[in-house]
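Just below is one structure, and these are the notes that go with it.
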Amino acid sequence: YPIIQALAQGLDIRLNQRVTKIARQFNGVTVTTEDGTSYSADVCIITVPLGVLKANIIKFEPELPSWKSSAIADLGVGIENKIAMHFDTVFWPNVEVLGMVGPTPKACGYFL
4 YPIIQALAQG LDIRLNQRVT KIARQFNGVT VTTEDGTSYS ADVCIITVPL
54 GVLKANIIKF EPELPSWKSS AIADLGVGIE NKIAMHFDTV FWPNVEVLGM
104 VGPTPKACGY FL
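Its first residue numbered 4, the sequence shown is counted upward by one per residue in my numbering.
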């Protein structure tokens with residue numbers, strides 16, 4: 004994590020905070036957590052699971068644009084498995100992307 008630590012130097016980073024409200028004003032943003040603590044900043048970056056956004060646990064002020072809300076509603080929640088493999092020799096075609104699309108929209112596919 005040396006790169007991340009170097010980039011984060013001097014930043015106020017809070018982890019494992021249950022955010023209940025994000026209020027954007029003309030001069031910055033205020034983030035309120037479950038225990039009532041408020042943090043004000045010029046900008047903020049939040050990372051939450053899709054399920055949290057779908058459950059509307061975080062109140063956004065102003066509300067998210069309808070296109071964002073629609074995108075959140077349309078996204079499915081599922082299980083993703085990632086695997087990395089190393090081969091001694093290249094046996095696949097010389098292309099930038101390898102992919103497979105399932106027989107139905109709900110069927111699994113993969114991309115490399």
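Here a beta-carbon is modelled for each residue, glycine too, at the ideal position from N, C-alpha and C.
* Opening and closing residue of the alpha helix (DSSP H) in which V3 lies -> With the chain covering 4 to 115 only, the question about residue 3 has no answer from this structure.
* Measuring CB to CB, does T23 end up less than 9 Å from T35? -> Judged by beta-carbon spacing, T35 lies within the 9 Å limit of T23, meaning their Cβ atoms are closer than that value.
* Any contact of the stretch 32-47 with the stretch 4-24, i.e. 3+ C-beta pairs under 8 Å? -> Verdict: yes, contact present.
* Can you give, in chain order, each stretch of the alpha helix (DSSP H) that sits fully within the stretch 21-93 and has at least 4 residues? -> Secondary structure in the stretch 21-93: the alpha helix (DSSP H) runs of 4 residues or longer, each lying completely within the stretch, are 53-57, 69-77 in chain order.
* Since A44 contacts V55 with CB under 8 Å, what's their CB separation in whole angstroms? -> Contact flag wrong, Cβ pair sits at about 20 Å.
* By how many angstroms is the C-alpha of W95 removed from the C-alpha of C47? -> Those two C-alpha atoms are separated by around 43 Å.
* Of the residues Q12, A9, Q20, which one's Cα is nearest the Cα of S41? -> Q20 is the residue among Q12, A9, Q20 whose C-alpha sits nearest the C-alpha of S41.
* Leaving aside the five residues before and after N97 along the sequence, list all residues of the same chain whose C-beta is less than 6 Å from its C-beta, in chain order. => Result list for N97: empty, nothing under 6 Å.
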